[in-house]
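Here the structure comes first, spelled out in structure tokens, and everything after it is commentary.
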Amino acid sequence: MATKPKGLLDRLKAGETVICAEGYLFEFERRGYLKAGPFAPEVVVDHPELVRGLHREFVHAGSDVVLAFTYYGHRETLRAVGREDELETFNRTALKLAREVADETGTLMAGNICNTNCYNPDDPQTWDKCRQIFKEQTEWAVAEGADFMVAETFHNLAEALLALDCIKQYGNGLAAVVSFSVPREGLWDGHTVEEAMLALEEAGAAVVGLNCGRGPATMLPLMEGVVEKVKVPFAALPVVYRTNEQQPTMHSLINHKGSKAFIVDMDEFLCGRTMVADFGQRCKDLGVQYVGLCCGNAPHFTRTLAETMGRTPPASKYSPDMTKHFTYGTDRWYGNKSL
């Protein structure tokens, strides 16, 4: 077991940057172990060794955090695939896997709750359902030794505040990183990003920010002008797709045939590593302390982000060195012939 790492809040207070690799959902869908549509994290129970392996890959690439793969591991999603009776098994297995890898690598382990997809601002019965989801997942995270909680991908301020309240009530003092995924027309309940961030800060979130939905090009404009207005650290974890002003979210991207790209044609829009590096540099310039990548992420992208932050993770041993390439390198015996 590695030495116990410095905690999240201690790192942030010291002015450090914390890197959190996400993107488990899409990565396992790409690998053929998770069904697009319901997006239930069945791989956690069906192939736990693969989840353990991806945790290790992300740490190898520079992640400071092992995020338990409990995203969409809640009642609503598991009911959709007929596995609600395995709810606790799913959650505890995911948390144990994350704790195991965090302990062996000296990184932090985060519990994870997220959008429930059943929250309805006009139906108080759904509020109770959401509270139950957040409560049980938070309690399991505490029981399995989470170092802090991530509550993410909310489209409504009210649901995010409900999640934060449950972490405060049932999280045994764990710090909460809370973030929004902003739809193309803005948050569904009409709040501005600035209003939402300030409300979370006032409610006691340790870190506030944005994740998912938007790629670097369309997340940055939402961040600029807001980061400096909150007193707590800011989080930025975009999807790794080339969203644009006309198609600002990954869900609005249109493929080469004029149809919705989400999800089977998302690969057409993957960012290059230089785009990831540019985003990381802009986060440094803005003073963003909690950074990462969400859907579309893979270890090579996390390594690029970590290197942009000045890190040299183990995976940097294998970072590209084109000076040694047979055509583009410095030792070309056959002159200037091109491929």
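Residue numbers (full-length UniProt numbering): 1 to 339. Positions of the beta carbon are idealized from the N, C-alpha and C atoms, including for glycine.
- The three-state secondary structure of F180, taken from DSSP, is strand.
- Per DSSP, reduced to three states, the secondary structure at N211 is strand.
- Shown here, K168 sits in a helix according to DSSP, grouped into three states.
- By the Cβ test, the segment 219-237 is not in contact with the segment 303-323, since fewer than three Cβ pairs between them sit closer than 8 angstroms.
- A straight line joining the alpha-carbon of L210 with that of H325 spans about 39 angstroms.
- Excluding the 5 residues flanking it on each side, D147 has same chain C-beta neighbours closer than 7 angstroms at G7, L8, L108, M109 and A110, in chain order.
- Proximity of the segment 248-261 to the segment 276-291 falls short of the contact definition, fewer than three beta-carbon pairs being nearer than 8 angstroms.
- Three or more Cβ pairs drawn from the segment 314-331 and the segment 56-73 lie within less than 8 angstroms of each other, which places the two stretches in contact.
- Secondary structure of Y318 (DSSP, three-state): helix.
- With 16 or more other Cβ atoms from the protein chains shown falling within 10 Å of its own Cβ, N297 counts as buried.
- In this structure R242 does not touch G213 by the C-beta definition: roughly 14 angstroms separates them, more than the 8 angstroms allowed.
- Judged by beta-carbon spacing, V178 lies within the 7 angstroms limit of A160, meaning their Cβ atoms are closer than that value.
- Within the same chain, Cβ atoms closer than 8 angstroms to the Cβ of K35 are found at E29, E42 and V81, the five residues on either side in sequence being excluded.
- Excluding its 5 nearest sequence neighbours in each direction, V232 has C-beta neighbours in its own chain below 8 angstroms: E201, A205, A206, V207 and V208, listed in chain order.
- The alpha-carbon separation between E185 and F234 amounts to approximately 22 angstroms.
- Residue range P216 to M223 is occupied by the alpha helix (DSSP H) that includes M219.
- Bounds of any beta strand (DSSP E) do not take in A80; it lies within the alpha helix (DSSP H) bounded by R75 to A80.
- The beta carbons of A68 and N112 sit about 5 angstroms from each other, so the pair counts as a contact at 8 angstroms.
- In the DSSP assignment, the residues bridged to E152 are C114.
- 7 angstroms or more divides the Cβ of A94 from the Cβ of V66.
- Contact between the segment 163-176 and the segment 123-136 is present, with at least three C-beta pairs closer than 8 angstroms.
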